[in-house]
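In our numbering, the protein residues as written are 1032 to 1169. In this text, a Cβ means the ideal position worked out from N, Cα and C, and glycines have one as well. Owing to the predicted nature of the structure, the values given are computational and were not obtained by experimental measurement.
See the structure below:
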């Protein structure tokens, strides 16, 4: 969506960055809510078959049109670790409609069923070591 011309915004001394322009456009459209994001690091996949089963079972949770507005932006192997644990195998960034949606999907029955393929949903360490963090951003 383009709500103002960049020239018009700059001429009013409002424009200071691309992020500022996005915020102006969002505000003009009545879209003030921030998005929620999962930032995931997979450190070690110990059982590739079970992890693959989990990935397949969780696909519908993140499929287009899902109820959480989840959209996988990136899910790729690590090219190079610049600082920290060099054993990280892959990283993912998933966008949600809101922080609450990013939190709620974790306990969604369909996603819990997928996670259960990794073992006990409170301890999946026999299959995978990973970190899943939720952040809020524009």
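For residue 1099, the CB contacts under 6 angstroms within the same chain, skipping 5 residues up- and downstream, are 1127, 1132, 1136 in chain order.
Assigned with DSSP and collapsed to three states, residue 1073 falls in strand. Here residue 1111 carries a coil assignment [DSSP, helix/strand/coil]. Here the alpha carbons of residue 1106 and residue 1077 stand approximately 18 angstroms from one another. Of all alpha-carbon atoms in 1169, 1092, 1157, the one lying nearest the alpha-carbon of residue 1144 is that of 1092.
Beta-bridge pairing by DSSP links residue 1167 to 1067. Taking the Cβ atoms as the reference, residue 1159 lies roughly 6 angstroms from residue 1073, within the contact range of under 8 angstroms.
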